[in-house]
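Chains as they are written, first to last, in this note's numbering: chain L, 92 to 562; chain G, 214 to 710.
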């Protein structure tokens, strides 16, 4: 008999999705209610996960579903960011009129898909989770259907993502063919070092996952989709799929294929270097903040991959630290974007920030903190993220990677500085509205305080993440 | 020592900055926040003097040690001072209140933000000088970029954006390599604690690359030729208080870094790279002095003279003689005072004439007699005339250099003559001669605040010129110890070979 209490959080979320859907169908004008209930159900899930002893390590359903420290931690991150995304964008969705009942439900189902991904210990289950989150994201990207850009981004994301899913599936089938199983544990036992089929399979899987985290050269969709989607969806795109895909990266590379690390390590190093450099250079010419943050997130994923490429527990931990910190930096950045509202209209170009510091000192200070943190300047949290990554990278004597990575932070610093320049050095423009809802303010305050004051006591985060031992 | 005096020195300005940041920014509170900032920074100065009083110069051990677990099992927050660092802390605490007094006339808008930036800057700089862990040091060292970028960018002159970017990117580029080196040191030795590393020593084969990585950071910050080009731009565009901070303290972080890290941690590599440092220092002394001669902008001229003076400092450090090192530290302190004073003086007349071009001045002596007198003292201090603090530093450095190499010292001496040439020529063109412009006739002499600031700077320049004992005493033992450590390392390395 399978012990279902290990997956209560997933079950609850699943039930919540169905119930909310029913409410939405039978009750008129219930979008606001559903929005709040979704937040509530996410809180419920979070409580259930936290309630559970974190150091459990069980495998359910014929070893295809794994609950361990990594998955629990990542689920907490996913749900937390889901809550923050919903909290911070509640006013936004009302104003641009996408507060349909489906919107929060799609977000919930996407989160559910990601939770399945983080726990999957089997290629099939992993694929199911991946598709659940992707399908929800296709719809979400084009949710503002009266807007051409939004529809275009949804379609673009759908076509390219379907292609990458196809590649990924092909890789899965190759691996199944050459190892005789879809279960990670069994693959790991049956692995044959000299088999080209397996290597091909890994390459295809890496391609599919690299697409999800928008690593170069599979990044083409990111800028368009980020720009076209409603901002409330862009923030979702920028944070959650990356957390999930990174977890799967760790699971697949470090459990079944750890023995053939020499085959995939170089690929990850390449992805990492290419993403860091491309993200830094391509962002320089951008004018739209959402597009810019797309390139910046490409670069940031390069750093997370650098940690992953080391093949050590320390590297994995540094990647996880990186993604956790990245979450808060992006959250804070998008919260600032949500605050640029005037006359029921949102602004998202760099020039709209001109002289912001004169009329909105606190908002510009938060942006200043966030941008310097994204650039990795100490003592802000972004520096620590990079510091841990490079600690892990240097431990393995991968100096080239470390030096290229750090040099690209200098290049990247330029475009962050450019935004700061516009905010602080340029002449002022019209004021923005100041009445924001409390959820947005809390999200921004929380993330900014985290970014600014993390350096005072950095131990707890490290201590939590240190317990993740995959190898 | 129960009272964490060093941490208080770091924290006090930060707390002051927090208060000011959250205060209401109305025009009638402007004075209040200024006095608050002044009070905080002055209290910090008093505290730093008290620190000097408590400081025991008869030992080379680190004093006032504080250690707290920071990232568990990895990095500890560790601060402490010895005879080398204490003077820089006092200098920082001394210069900051002067900057705040000087904002009266130079900062016209957003005073609140400016004061916050200055105070944050102060605490970061004090942190640099007393941190005893490489990562903590890096944190403070790099953190200073943020407030300085804003100071140049918001309150600077016409080309402030260009200068602020150049300053930021140059320094960042230099520093990232140092970060790689710091992490490598951690993996080579298992610690980033400086005291531990001093005892432990770093394997000779790693030292060369590590030294170069640290060098890349400090060379940009010093700045040494050929990466000095950010400094004139930054100085020219920065507001007066920013220039003062930059010249008086920021540049010293690199000189201090050379002594503490390059020499202290990598003695073998330091010995190996002596020729490189000598050549770059001599180029800095001669070449930038010549460049300074040709400048038409006063601030730019002083900026280039800073590069030349810092050339003396690096030269002195890498003589590894008692005189050379003491002279370097003395020169840094003296240059901190003199360059701060010169920038403030330029600020005074810039306020009145709104131009920094030397050609627009002339004949100031007849309308601004008091100003001409103090500027004379500062000019002579920059020249290194006996009786000013500038002389002691340069003299000691040259003694050290002569011990090491006659040729190097001889070439460096030319720099002394050149410095007299450009400084005195500047003074002549600005102060003497006929009054060329009608506007000059109308300008007023120093007001009370300016007299106060400038005379506060005149006093130590002359005092330490005649009586350098207090400074030299403080540093003596620590430097002896450093040189001894250095020599044992070099000798044991020779024996190994």
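Glycine included, each C-beta is placed from N, C-alpha and C at the ideal position. Fair warning: this is a prediction, and the values are worked out from it, not measured in the lab.
The C-alpha of residue 332 (chain G) is placed about 7 Å away from the C-alpha of residue 254 (chain G). Within the same chain, and ignoring the five residues on either side of residue 543 (chain L) in sequence, the residues whose Cβ sits closer than 6 Å to its Cβ are 460. Excluding residues up to 5 positions away in sequence, 398, 401, 403, 405, 406, 409 lie with their Cβ nearer than 7 Å to the Cβ of residue 483 (chain L) in the same chain. Here residue 436 (chain L) carries a strand assignment [DSSP, helix/strand/coil]. Only 366, 367, 373, 374, 377, 378, 381, 382, 385, 386, 389, 390, 392 from the stretch 365-392 of chain G bring a Cβ to less than 8 Å from some Cβ of chain L. The alpha-carbon of residue 493 (chain G) is positioned some 42 Å away from that of residue 550 (chain L).
Here residue 156 (chain L) is bridged, per DSSP, to L:151, L:211. Taking the Cα positions, residue 419 (chain G) is about 30 Å away from residue 276 (chain G).
Residue 507 (chain G) counts as exposed, since fewer than 16 other C-beta atoms from the protein chains shown sit within 10 angstroms of its C-beta. Beta-bridge analysis with DSSP links residue 291 (chain G) to G:280.
As the crow flies, the alpha-carbon of residue 376 (chain L) is around 45 Å from that of residue 139 (chain L).
CA-to-CA, the gap between residue 293 (chain G) and residue 300 (chain L) works out to about 49 Å.
Under the three-state reduction of DSSP output, residue 421 (chain L) falls in the helix class. In this structure, the beta-carbon distance from residue 225 (chain L) to residue 256 (chain L) falls below 8 Å.
Excluding residues up to 5 positions away in sequence, 424 lie with their Cβ nearer than 7 Å to the Cβ of residue 486 (chain G) in the same chain.
For residue 254 (chain L), the secondary structure class from DSSP, reduced to helix, strand or coil, is helix.
Annotation: residue 379 (chain G) to residue 452 (chain G) spans about 16 Å, alpha carbon to alpha carbon. Straight-line spacing of the CA atoms in residue 230 (chain G) and residue 329 (chain G) works out to 5 Å. Contact with chain G is found for residue 490 (chain L), since one of that chain's Cβ atoms lies less than 8 Å from the residue's Cβ.
For the stretch 305-365 of chain G, the continuous alpha helix (DSSP H) assignments of 4+ residues that do not extend past its boundaries occur at 324-343, 347-356, in sequence order. In the three-state DSSP reduction, residue 416 (chain G) falls in the coil class, being neither helix nor strand.
Under the 8 Å criterion on CB atoms, residue 396 (chain G) is classed as interfacial with respect to chain L. Distance from the CA atom of residue 289 (chain G) to the CA atom of residue 463 (chain L), rounded to whole angstroms, is 24 Å. Any Cβ of chain G closer than 8 Å to the Cβ of residue 515 (chain L) would place that residue at the interface, and such an atom is present. By the criterion of a C-beta distance shorter than 7 Å, residue 112 (chain L) is surrounded in its chain by 196, once the five residues flanking it on both sides are discounted. Look at the stretch 264-298 of chain G: the residues with a C-beta under 8 Å from a C-beta of chain L are 282, 283, 284, 285, 287. For residue 547 (chain L), the closest of L:485, L:475, L:147 by C-alpha to C-alpha distance is L:475. In the structure shown, residue 237 (chain L) falls within a coil segment according to DSSP collapsed to helix, strand and coil. Look at residue 351 (chain G): its C-beta is under 8 Å from a C-beta on chain L. CA-to-CA, the gap between residue 360 (chain L) and residue 396 (chain L) works out to about 7 Å. Its chain contains 155, 156, 207 as the residues whose beta carbon lies nearer than 7 Å to that of residue 216 (chain L), once the 5 sequence neighbours on both sides are disregarded; these appear in chain order. Under DSSP, residue 406 (chain G) forms a beta bridge with G:346. Within the stretch 528-591 of chain G, the complete alpha helix (DSSP H) runs of at least 4 residues fall at 535-566, 577-580. Interface criterion met: the Cβ of residue 468 (chain L) is under 8 Å from a Cβ in chain G. The beta carbon of residue 542 (chain G) lies closer than 7 Å to those of 297, 300, 688 in the same chain, with the five residues before and after it left out.
The C-beta of residue 109 (chain L) has fewer than 16 other C-beta atoms within 10 Å across all chains shown, which makes the residue exposed.
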